[in-house]
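Heads up, our numbering is the position in the sequence shown plus 2, with the first residue counted as 1.
Glycine included, C-beta positions come from ideal geometry on N, C-alpha and C.
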Amino acid sequence: MKPTLQPAPNSSPKATAGAVRPAFPVRLPVPVGGPVAIKVIAACAGSVRTSAQIGLKSKPAKGSQPVQGTSAGIGLDSGAVRARMVHKLQLQGVADAQVLAAMGLVERHRFVDSALVNQAYEDTSLPIGLGQTISKPNVVARMLELLLEGRQGAPDKLGRVLEIGTGCGYQAAVLSHLAREVYSIERLRGLHDKARENLRFLRLPNLHLLYGDGMLGYARGAPYAAIIAAAGGEAIPPAWIEQLAVGGRLVAPLQAAGGAQALVVVDKTPQGIRQTLLEAVHFVPLKSGTSY
Ligand code: SAH
Numbered sequence: 003m004k005p006t007l008q009p010a011p012n013s014s015p016k017a018t019a020g021a022v023r024p025a026f027p028v029r030l031p032v033p034v035g036g037p038v039a040i041k042v043i044a045a046c047a048g049s050v051r052t053s054a055q056i057g058l059k060s061k062p063a064k065g066s067q068p069v070q071g072t073s074a075g076i077g078l079d080s081g082a083v084r085a086r087m088v089h090k091l092q093l094q095g096v097a098d099a100q101v102l103a104a105m106g107l108v109e110r111h112r113f114v115d116s117a118l119v120n121q122a123y124e125d126t127s128l129p130i131g132l133g134q135t136i137s138k139p140n141v142v143a144r145m146l147e148l149l150l151e152g153r154q155g156a157p158d159k160l161g162r163v164l165e166i167g168t169g170c171g172y173q174a175a176v177l178s179h180l181a182r183e184v185y186s187i188e189r190l191r192g193l194h195d196k197a198r199e200n201l202r203f204l205r206l207p208n209l210h211l212l213y214g215d216g217m218l219g220y221a222r223g224a225p226y227a228a229i230i231a232a233a234g235g236e237a238i239p240p241a242w243i244e245q246l247a248v249g250g251r252l253v254a255p256l257q258a259a260g261g262a263q264a265l266v267v268v269d270k271t272p273q274g275i276r277q278t279l280l281e282a283v284h285f286v287p288l289k290s291g292t293s294y
């Protein structure tokens, strides 16, 4: 199935990363069909690890250090709290210096409701409205680390990256420090607008928020050095594989038989697609179409 996306004015798929600037926001059409399972030339299901095995077990929010603050980030000295979060991530096995630095830069408390600010730096997922959640910091870090591990030729940053599931915009903000260009798609209008609002003050010129069905990817920005999904379906949508550059890597939750989800890494090599299943995860479902 070939995605048929509306071209955004003033952008060209062949343009250099820095020159691509789709309209803001971009509307993408609703897909006609569902995802199709991809052909796998090599699977490493044997490498399945549980979160606990790799030290990603979440810590209960109770009893941990609360953020000191009065309201939604106002007067909040979050630098020290973020440094503690980064240190915890290191203890949990996150080793990539760029990922750790990016996680230390983005103020997570600005992306959650004021009532949840005290939990913003806990190792926990949090509700962001419309039944969706912001992923745990260690899951965000783990996925970003996997993306960076897949870099070809060890450039300092990733090239163009596609994120499916903007949510509140937190992970997109972290990604913007790790990639030259980031396209992030959200299917829920309310969250797309919320992310725009959350991200406005950060002024990240390399981050482009798109409203549409991420199952179709975003062909105008393709090919992507990396694709990351924050929602899990039963198969990897074919558009993602099509839009991934040869040498590129995709990281996404995937629903396995029985309904359990696992992280999957898909590498697009000159020889074909290589899929590696990793630890169990729990993400919101990947849904087709758009909604309010
Ligand atoms: N990375 C986000 C996490 C958001 S949760 C953050 O930092 O907040 C996952 C998001 O994926 C939800 O907002 C959900 O609406 C969105 N989603 C699910 N299916 C989608 C699709 N087909 N296209 C775009 N977004 C989708």
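Collapsing the DSSP output to three states places H179 in coil. Exclusion of the five residues before and after A224 leaves Q245 as the residues of its chain whose Cβ lies within less than 6 Å of its Cβ. If only complete runs of 4 or more residues are kept, the segment 106–152 shows the alpha helix (DSSP H) at 139–151, in order along the chain. With a beta-carbon spacing of about 5 Å, N140 and Q94 fall inside the 8 Å limit used to define contacts.
Closer than 7 Å to some heavy atom of the ligand SAH: that describes the Cβ of M217. For G161, the shortest separation between its Cβ and any heavy atom of the ligand SAH does not lie below 7 Å.
Taking the Cα of I238 as reference, the smallest distance to any Cα among G216, A221 and A97 is reached at G216. Apart from the 5 residues on each side of it in sequence, Y172 sits with its Cβ closer than 7 Å to the Cβ of V108, R110, F113 and I136 in its chain, given in chain order.
For I243, there is no enclosing beta strand (DSSP E); the enclosing alpha helix (DSSP H) covers residues P240 to Q245. One Cα belongs to D158, the other to P240, and the distance between them is close to 29 Å. Checking the 7 Å criterion, the Cβ of S178 is out of range of every heavy atom belonging to the ligand SAH. Counting only the Cα atoms, L252 lies some 13 Å from G234.
Counting C-beta atoms within 10 angstroms of its own C-beta, E199 has fewer than 16 neighbours from the protein chains shown and is therefore classed as exposed. In this structure, the beta-carbon distance from I230 to V283 does not fall below 8 Å. Between the ligand SAH and the CB of E109, the shortest heavy atom gap is not smaller than 7 Å. In the three-state scheme derived from DSSP, where H, G and I count as helix and E and B as strand, G81 is classed as helix. Distance from the C-beta of E147 to the nearest heavy atom of the ligand SAH is not below 7 Å. For V96, the three-state secondary structure derived from DSSP is coil. Taking R191 as the centre and dropping the five residues before and after it, the same chain places the C-beta of Y213, T292, S293 and Y294 closer than 8 Å to its C-beta, in chain order. According to the DSSP secondary-structure assignment, V267 is paired through a beta bridge with V253 and T278. In the DSSP assignment, A197 falls within the alpha helix (DSSP H) that extends over R191 to R202. Annotation for T271: V248 and G249 place their beta carbon closer than 8 Å to its own, counting only its chain and skipping 5 residues before and after. Less than 8 Å separates the beta-carbon of L193 from that of T168.
Fewer than three beta-carbon pairs drawn from the segment 179–188 and the segment 251–269 are found closer than 8 Å, and the two stretches are therefore not classed as touching. Per the C-alpha coordinates, the member of S80, V286, M87 and S116 positioned closest to E124 is M87. Boundaries of the beta strand (DSSP E) harbouring A228: Y226 to A231, taken from the DSSP string. Exclusion of the five residues before and after P129 leaves T135 as the residues of its chain whose Cβ lies within less than 7 Å of its Cβ. Counting along the chain, H210 sits inside the beta strand (DSSP E) bounded by residues L209 to Y213.
Counting along the chain, the unbroken beta strand (DSSP E) around L164 starts and ends at L160 to I166.
In this model, L288 and K196 are separated by some 19 Å (Cα to Cα). For Y185, the secondary structure class from DSSP, reduced to helix, strand or coil, is strand. Annotation for R189 indicates a beta carbon within 7 Å of some heavy atom of the ligand SAH.
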